[in-house]
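Beneath this line is the structure, given in structure tokens, with notes to follow.
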Amino acid sequence: MNSNTPKISVQTPIFPESITEGTLLSWLKKSGEQVNLDEHIADIETDKIVLEVNASANGILTTIKKEGATVTSGEEIAQIDPSGSSKALITPSSVATSKDETIISKSIKTIDTTIDTLKSKVINPAAKNIASALNIDVNKVEGTGRGGRVTKEDVQNFNKQPQDSLSIPSALQPGENSTRREPMSRLRRSVASRLLESKNNTAMLTTFNEVNMKPVMSLRKKYAEVFEKRHNGTRLGFMSFFVRAVTLSLQKYPVINAFIDENEIVYHNYCDIGVAVSSPRGLVVPILRNSENMSLADVEAQIKVYAEKARDAKLTLDELQNGTFTISNGGVFGSLMSTPILNPPQSAILGMHKIQERPMAVDGKVEILPMMYLALSYDHRLIDGKEAVQFLVSIKDFIEDPARMLLDI
């Protein structure tokens with residue numbers, strides 16, 4: 008290795024304007040390992056997205072900043088020695104005996120084995136986040152990725168194993184009183200701050216209604232197979248119906264799609280619907296842009312893309328910003344009823360919940376119907392109770408009679 012060769016700086020990417028700092032979440036390469044130009048070598052977590060750090064040259068990674076460190080835009084976090092090599096080059100001399108060559112060969116194999124062992128301990132950032140959320144010791148997960156890297160699929164498959172095959176963490180042993188501390192992620196801190204801001208700075212009120220899901224469920228059952236074939240494997244879910252119903256209702260009641268800016272009301276002539284998605288890092292809300300122009304298939308396909316990107320921490324800042332309304336579906340986790348909190352500066356949010364069969368009075372008779380509670384939280388400074396209730400009833404009418412969405416009545 009030529010010590011006189013100048014080292015090349017590895018810097019964090021230029022942060023978006025609204026982000027001032029981040030946390031060095033994880034290294035995919037260790038100090039002393041070979042890296043290639045533009046190779047993904049580290050992840051920076053901000054309060055909104057995860058940014059990738061790529062190698063600025065071919066060479067050996069050196070002088071790396073520790074994981075968990077706070078970093079800023081364009082800051083140097085490592086260096087690359089372009090003259091280095093990750094493996095010692097052991098070349099038998101021309102006078103080496105066959106015995107010497109055997110020893111050298113074994114030494115090379117030992118070095119390769121050691122490097123492979125080190126690689127096997129490399130953990131994909133998404134896998135690390137999922138393992139943390141599921142309280143799984145990643146050292147017990149066998150890596151199937153390149154070079155033995157532990158992937159998110161490895162962690163997910165490990166979690167599906169029978170529970171009796173998994174050891175109980177020492178902190179959960181009966182009779183023991185212990186605590187565990189870990190720092191809040193930037194995303195969690197950002198969510199906490201925004202929720203507190205919403206609670207303190209808005210006059211939030213929630214109104215409820217219930218919707219009969221039988222018409223949509225029957226429609227879905229009848230056309231699910233044809234829909235999936237027609238739209239290249241895209242499945243017909245419930246969310247697309249609600250996005251469509253919300254979009255049409257926002258057009259009927261534009262104040263629900265507006266927000267307060269100091270002493271002015273800002274109305275949107277478009278609908279950018281945020282759909283709350285749970286990820287290993289916490290709740291994120293990617294945006295369906297111009298939902299008024301999207302078909303049911305468009306909505307389902309885009310939500311699938313966002314769910315995969317959220318799981319892999321690949322959502323971009325543009326995909327998370329500037330929504331005009333939010334839909335949150337706590338029903339996927341079994342929630343029967345809740346009061347969703349506003350996502351500032353938006354003025355309203357719709358909460359969907361679990362579909363539960365209940366006895367209902369229909370035309371003087373009792374029927375068992377699949378019912379869902381809907382909750383609309385809204386900023387009472389801008390939206391009157393009358394408008395909020397009418398908006399929620401409009402959604403109910405569209406869902407209970409889907410033909411209304413086609414006819415826009």
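Anchor point for the sequence shown: position 231 equals 238 in this note's numbering, and the numbering is continuous, going up by one each time. Where a beta carbon is used, it is the ideal one built from N, C-alpha and C, also for glycine. None of the values given here were measured: they were computed from a predicted structure.
Looking only at DSSP bridge pairs, what is residue i linked to?
{"i": "Arg-365", "result": "Leu-376"}
{"i": "Met-412", "result": "Partner(s): none; Met-412 has no beta bridge."}
{"i": "Ala-308", "result": "According to DSSP, Ala-308 bridges with nothing at all."}
{"i": "Ile-356", "result": "Thr-333 and Ser-384"}
{"i": "Asp-268", "result": "Glu-271"}
{"i": "Leu-290", "result": "Ser-285"}
{"i": "Ile-130", "result": "Val-157"}
{"i": "Ile-348", "result": "In the DSSP output, where bridge partners are listed per residue, Ile-348 has none listed."}
{"i": "Arg-280", "result": "The sequence shown places Ile at residue 280, rather than the Arg named in the question. Leu-295 and Phe-332."}
So is residue i buried or exposed if we call it buried at 16+ other beta carbons inside 10 Å?
{"i": "Lys-55", "result": "buried"}
{"i": "Phe-340", "result": "exposed"}
{"i": "Val-102", "result": "With a pLDDT of only 39 at Val-102, under 50, the local geometry of the prediction cannot be trusted, and no value is derived from it."}
{"i": "Gly-281", "result": "buried"}
{"i": "Met-191", "result": "exposed"}
{"i": "Pro-432", "result": "Absent from the structure is residue 432, since the part of the chain shown begins at 8 and ends at 416."}
{"i": "His-360", "result": "buried"}
{"i": "Asp-415", "result": "exposed"}
{"i": "Tyr-230", "result": "exposed"}
{"i": "Ser-247", "result": "buried"}
{"i": "Ile-375", "result": "exposed"}
{"i": "Gly-75", "result": "exposed"}
{"i": "Thr-77", "result": "exposed"}
{"i": "Ala-410", "result": "exposed"}
{"i": "Ser-256", "result": "buried"}
{"i": "Glu-40", "result": "buried"}
{"i": "Ser-114", "result": "Low confidence applies here, because Ser-114 scores a pLDDT of 49, under 50, leaving its location unreliable and the question unanswered by this model."}
{"i": "Thr-331", "result": "buried"}
{"i": "Leu-413", "result": "exposed"}
{"i": "Tyr-274", "result": "exposed"}
{"i": "Ile-272", "result": "exposed"}
{"i": "Gly-392", "result": "exposed"}
{"i": "Thr-121", "result": "Model confidence at Thr-121 stands at a pLDDT of 45, short of 50, so the residue's coordinates are unreliable and nothing is read from them."}
{"i": "Ser-225", "result": "exposed"}
{"i": "Gly-240", "result": "exposed"}
{"i": "Asp-161", "result": "buried"}
{"i": "Gly-150", "result": "buried"}
{"i": "Thr-186", "result": "exposed"}
{"i": "Lys-36", "result": "buried"}
{"i": "Ile-223", "result": "Just to set this straight, residue 223 is Val in the shown sequence, not Ile. By the neighbour-count rule (16 or more Cβ atoms within 10 Å), Val-223 is buried."}
{"i": "Ser-401", "result": "buried"}
{"i": "Val-291", "result": "buried"}
Residue i and residue j look like a contact to me (Cβ under 8 Å); what is the Cβ gap, rounded to whole Å?
{"i": "Ala-49", "j": "Ser-33", "result": "7 Å"}
{"i": "Met-378", "j": "Asn-219", "result": "6 Å"}
{"i": "Ile-390", "j": "Ala-355", "result": "6 Å"}
{"i": "Ala-382", "j": "Phe-215", "result": "5 Å"}
{"i": "Leu-31", "j": "Ile-51", "result": "6 Å"}
{"i": "Arg-195", "j": "Gly-337", "result": "Not a contact, Cβ separation roughly 18 Å."}
{"i": "Ile-443", "j": "Arg-388", "result": "The requested residue 443 is not part of the displayed model; the chain covers only 8 to 416."}
{"i": "Lys-135", "j": "Val-148", "result": "Contact flag wrong, Cβ pair sits at about 10 Å."}
For residue i, which of the options has the nearest alpha-carbon?
{"i": "Lys-278", "options": "Asn-270, Ala-199, Asn-300 and Pro-287", "result": "Correcting the residue type first, residue 278 is Cys in the shown sequence and not Lys. Cα-wise, what sits closest to Cys-278 is Asn-300."}
{"i": "Glu-307", "options": "Phe-234, Asn-264, Asp-268 and Leu-322", "result": "Phe-234"}
{"i": "Ile-26", "options": "Glu-204, Ser-63, Glu-394 and Val-57", "result": "Val-57"}
{"i": "Asp-325", "options": "Asn-336, Tyr-313 and Ser-335", "result": "Tyr-313"}
{"i": "Thr-346", "options": "Leu-202, Ile-71, Phe-266 and Leu-44", "result": "Leu-202"}
{"i": "Ala-199", "options": "Pro-351, Ser-185, Gln-41 and Glu-28", "result": "Pro-351"}
{"i": "Pro-89", "options": "Val-78, Thr-12, Asp-305 and Asn-61", "result": "Thr-12"}
{"i": "Asn-43", "options": "Arg-156, Lys-147, Ala-64 and Gln-353", "result": "Ala-64"}
{"i": "Ile-334", "options": "Leu-322, Gln-309 and Ser-384", "result": "Ser-384"}
{"i": "Gly-244", "options": "Glu-217, Phe-22 and Ile-310", "result": "Ile-310"}
{"i": "Ser-342", "options": "Asn-329, Gly-358, Phe-332 and Gln-353", "result": "Gly-358"}
{"i": "Ala-265", "options": "Asp-408, Val-78, Glu-394 and Glu-364", "result": "Glu-394"}
{"i": "Ala-62", "options": "Thr-69, His-47 and Ile-84", "result": "His-47"}
{"i": "Gly-66", "options": "Lys-73, Ile-348 and Ala-85", "result": "Ala-85"}
{"i": "Lys-206", "options": "Asp-386, Phe-22 and Phe-398", "result": "Asp-386"}
{"i": "Ser-286", "options": "Ile-71, Lys-316 and Ile-130", "result": "Lys-316"}
{"i": "Glu-28", "options": "Glu-82, Ile-402 and Lys-72", "result": "Glu-82"}
{"i": "Ile-130", "options": "Arg-365, Leu-68, Lys-259 and Thr-158", "result": "Thr-158"}
{"i": "Ala-304", "options": "His-238, Lys-228 and Pro-23", "result": "His-238"}
{"i": "Thr-53", "options": "Asn-276, Val-373 and Leu-322", "result": "Leu-322"}
{"i": "Val-60", "options": "Lys-372, Val-373, Val-400 and Val-17", "result": "Val-17"}
{"i": "Arg-318", "options": "Thr-70, Ala-138 and Arg-193", "result": "Ala-138"}
Less than 7 Å separating the Cβ of residue i from some heavy atom of the ligand ZN?
{"i": "Asn-276", "result": "Inclusion of the ligand ZN in the displayed structure is not the case, the ligand content being empty and no account of it being possible."}
Is there a Cβ from chain C that is less than 8 Å from the Cβ of residue i?
{"i": "Val-373", "result": "Going by chain labels, chain C is absent from the structure shown, which holds only one protein chain."}
field: Completely contained alpha helix (DSSP H) runs for the region 15-96, where each covers 4 or more residues
entry: none
Those runs of the alpha helix (DSSP H) which lie wholly inside the region 189-229 and span at least 4 residues: 193-208
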